[in-house]
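In my numbering, the protein residues as written are 4 to 99.
Here's the structure, in structure tokens; my notes come after.
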Amino acid sequence: MESTKLANTAQARKRVLQNEKRRLHNASLRSRLRTYVKGVLKAVHLGNQEQARSALRAAESVIDKTVSKGVAHRNMAARTKSRLSARVKAMGNVAG
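Written out as structure tokens, the structure is:
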């Protein structure tokens, strides 16, 4: 059970601190991304097309920022944006 390795050099200790700080920051960005995606899905579920469109615009911006920071993969972002926009577009077809 004592197999936990500790950083032995100053450089390694610093890297441990930096990695933990970066992990927390990335987790925050991922959480923000998911929150905005859920906002679009909630607006679609409620049937509010105008709210869904504005939520989609905001979500696309957050998705692009998350990709540019290297937190999310660009293919995941493209897939997510495509699926969300398809749902919002389908609302217009049903309503119109």
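Ideal Cβ placement from N, Cα and C applies to all residues, glycine included.
Can you list, in chain order, the residues of its chain whose CB lies under 7 Å from that of residue i, leaving out five sequence neighbours each side?
i: residue 99; result: With a pLDDT of 46 at residue 99, under the threshold of 50, the modelled position of that residue is not reliable, and no figure is offered here.
i: residue 58; result: 42, 43, 46
i: residue 31; result: none
Whole-angstrom Cβ separation of residue i and residue j, contact assumed at under 8 Å?
i: residue 75; j: residue 36; result: 6 Å
i: residue 92; j: residue 66; result: The pair is not a contact, with the Cβ atoms about 17 Å apart (cut-off 8 Å).
Once you ignore the five residues that flank residue i on each side, which residues in its own chain have a CB closer than 6 Å to its CB?
i: residue 73; result: none
With distances taken from CA atoms, which of the options is nearest residue i?
i: residue 80; options: 54, 58, 40; result: 40
i: residue 54; options: 69, 70, 88; result: 88
i: residue 86; options: 63, 69, 70; result: 63
i: residue 52; options: 10, 90, 71; result: 90
For residue i, which residues in the same chain have their Cβ closer than 8 Å to its Cβ, ignoring the five residues on either side in sequence?
i: residue 33; result: 69, 74, 75
- prompt: Between the region 10-20 and the region 31-50, do three or more beta carbon pairs fall short of 8 Å?
  reply: no
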